[in-house]
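K.L.:
Protein chains in written order, with our numbering: chain A, 2 to 106; chain B, 2 to 106.
Just so it is clear, CB atoms sit at the ideal spot from N, CA and C, and this is done for glycine as well.
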DNA sequence: TAAACTAAGTTACGAAATGTAAGTTAAAAA
DNA sequence: TTTTTAACTTACATTTCGTAACTTAGTTTA
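1) Could you tell me which uninterrupted alpha helix (DSSP H) segments, each at least 4 residues in length, are contained entirely in the region 3–31 of chain B, listed from first to last along the chain?
2) Have a look at the DSSP bridge pairing and note the partners of residue 67/A.
3) Taking C-beta pairs closer than 7 Å, name the residues in chain B that residue 10/A reaches, listed in chain order.
4) Candidates 36/B, 26/B, 84/B, 55/B: which alpha carbon is nearest residue 63/B's?
5) Which chain B residues sit within Cβ distance under 7 Å of residue 83/A?
6) Taking the C-alpha atoms as reference points, what is the distance between residue 1/A and residue 67/B?
7) Step through the CB atoms of chain A and report whether any lies within less than 7 Å of the CB of residue 88/B.
8) Rounded to whole angstroms, what's the CA-CA distance from residue 93/A to residue 100/A? Just pull it up for me.
9) Considering Cα atoms alone, identify which of 33/A, 34/A, 29/A is closest to residue 43/A.
10) With 16 as the cutoff for other CB atoms within 10 Å, does residue 103/A come out buried or exposed?
11) For residue 72/B, count neighbouring Cβ atoms within 10 angstroms of its own Cβ and tell me buried if that reaches 16, exposed if not.
12) CB-CB under 6 Å to residue 65/A, same chain, minus the five flanking residues each way: which ones, in chain order?
13) When the Cα of residue 34/A is compared with those of 95/A, 76/A, 91/A, 98/A, which residue comes out closest?
14) What separation, rounded to the nearest whole angstrom, lies between the Cα atoms of residue 86/B and residue 97/A?
15) Taking CB distances under 7 Å as the criterion, tell me whether residue 13/B reaches chain A.
16) Starting from the beta carbon of residue 58/B, find every residue of chain A whose beta carbon is closer than 8 Å, and list them in chain order.
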């Protein structure tokens with residue numbers, strides 16, 4: 002009666018990527034390692050949610066967190082290998098958006 | 002001071018795709034045209050949100066809605082050309098998930 | 001010596017989005 | 001006449017989100 006259910010790995014991937022802001026954060030980090038405040042300014046996300054998402058992405062091993070011992074401390078975030086491996090997917094979305102998405106209305 | 006901001010088209014694409022369930026719904030519809038109840042059962046989404054999302058995807062011209070005049074009426078949903086054009090992006094995510102995502106803990 | 005400044009968060013709280021379960025509609029089969 | 005069905009819709013409780021103010025500790029400024 003049931004057809005094939007959706008693959009659990011794919012479903013988990015979407016659960017991570019579709020959690021609001023996550024894809025945009027990964028996209029932003031494709032530019033290279035960046036500090037908390039830089040990401041915040043570039044992406045336009047709130048402190049609360051940014052901290053929450055970076056923690057999530059760190060736990061998922063998509064993002065790496067490095068403390069720079071200065072005063073005050075700075076924190077640098079960068080993509081892991083797993084994170085970088087998302088580049089083709091993001092480029093595909095970028096490609097799609099440039100062809101199909103229009104902003105005017 | 003500011004570096005380059007994120008492209009508005011890409012940002013809009015993510016806004017649509019990252020709205021919860023949307024990507025999964027599109028992925029499901031890659032299988033072919035399907036009725037409301039089929040989608041609901043396959044994806045495991047609630048009635049309320051499914052109706053809401055299908056409406057959104059229809060407005061975005063990603064999904065097409067067709068009434069089948071039976072009793073009771075059936076509704077068939079299918080991807081538009083714009084919707085089908087997302088296949089490469091979804092395949093890229095699928096590819097990534099098969100390499101990098103594991104479910105066990 | 002004290003007040004001000006900084007980066008990276010955290011907290012409190014109201015607003016918006018989500019899940020759950022029950023209700024609606026119209027025609028046809030029982 | 002009651003029941004059934006598909007595709008929603010509604011009401012309501014729970015969860016998530018955005019906003020803005022607060023925290024922490026070492027350093028420069030007054």
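P.N.:
From the atom records:
1) Counting only unbroken stretches of 4 or more residues, the alpha helix (DSSP H) elements lying wholly within the region 3–31 of chain B are 9–18, 23–30, in sequence order.
2) Residue 67/A pairs with 77/A.
3) Those are 98, 99, 102, 104, listed as they occur along chain B.
4) In terms of Cα proximity to residue 63/B, the closest of 36/B, 26/B, 84/B, 55/B is 84/B.
5) Under the 7 Å cutoff, chain B gives 101.
6) This structure cannot speak to residue 1/A, because chain A is shown only from 2 to 106.
7) Under the Cβ distance rule, residue 88/B does not count among the residues neighbouring chain A, no pair being separated by less than 7 Å.
8) If I take the Cα positions, the gap works out to 11 Å.
9) From the listed residues 33/A, 34/A, 29/A, the smallest Cα separation to residue 43/A is found for 29/A.
10) It is exposed - the Cβ of residue 103/A has fewer than 16 other Cβ atoms within 10 Å.
11) It counts as exposed.
12) When the five nearest sequence neighbours on each side are left out, the beta carbons in the same chain lying within less than 6 Å of the beta carbon of residue 65/A are those of 79, 81, in order along the chain.
13) The shortest C-alpha separation from residue 34/A is found at 76/A.
14) Computed Cα separation, rounded: 7 Å.
15) At a cut-off of 7 Å between C-beta atoms, residue 13/B counts as an interface residue with respect to chain A.
16) For residue 58/B, no chain A residue has a Cβ inside 8 Å of its Cβ, as the nearest lies near 13 Å away.
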